[in-house]
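Worksheet for the structure shown next.
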Amino acid sequence: MLVVLTMRRIIGHPSGDSPVDGRRMLALLPRHWRKDLREGGGHIAIRIDTDDNTTTAQIRAQVVATLTNPEISRWRLVSCETVTPPRVHQPARPTPVPTARHIHQRSEWN
Numbered sequence: 001m002l003v004v005l006t007m008r009r010i011i012g013h014p015s016g017d018s019p020v021d022g023r024r025m026l027a028l029l030p031r032h033w034r035k036d037l038r039e040g041g042g043h044i045a046i047r048i049d050t051d052d053n054t055t056t057a058q059i060r061a062q063v064v065a066t067l068t069n070p071e072i073s074r075w076r077l078v079s080c081e082t083v084t085p086p087r088v089h090q091p092a093r094p095t096p097v098p099t100a101r102h103i104h105q106r107s108e109w110n
């Protein structure tokens, strides 16, 4: 399961040190999930990749529970989107190529 989460700072809370907040979120999420962090413009995006049968709803519930931690409670989950893996490109059927004539072969009309 590949999921992209987006968090936004709750308006009215002090900004604090947001570069550390993203890393705290990563540390509080389950270790067996592969995670990638992007920060900027008052948003934090985390891409989570799980190999097990974890559902999007389970990931969302875990993240919402994590955001109740007082160290990062100034953030709220904005979106939790499942990303479909790119489809494997399957080549089209090969176009039949006419066979080359032998050098000694003559046209039918000769």
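In terms of full-length UniProt numbering, the sequence shown is numbered consecutively and its last residue is 110. Every residue gets a Cβ at the ideal spot worked out from N, C-alpha and C, and that includes glycine.
Burial state of residue i, where buried means 16 or more other Cβ atoms lie within 10 Å
i, result
"residue 10", "exposed"
"residue 63", "buried"
"residue 42", "exposed"
"residue 66", "buried"
"residue 36", "exposed"
"residue 22", "buried"
Among the options, nearest to residue i - alpha-carbon criterion
i, options, result
"residue 4", "63, 73, 48", "48"
"residue 27", "41, 46, 40, 12", "46"
Distance, residue j Cα to residue i Cα
i, j, result
"residue 80", "residue 24", "19 Å"
"residue 72", "residue 32", "21 Å"
"residue 92", "residue 83", "26 Å"
Distance CB(residue i)-CB(residue j) smaller than 9 Å
i, j, result
"residue 1", "residue 53", "yes"
"residue 50", "residue 34", "yes"
DSSP three-state assignment for residue i, whether helix, strand or coil
i, result
"residue 54", "coil"
"residue 48", "strand"
"residue 40", "strand"
"residue 78", "strand"
"residue 6", "strand"
"residue 23", "helix"
"residue 60", "helix"
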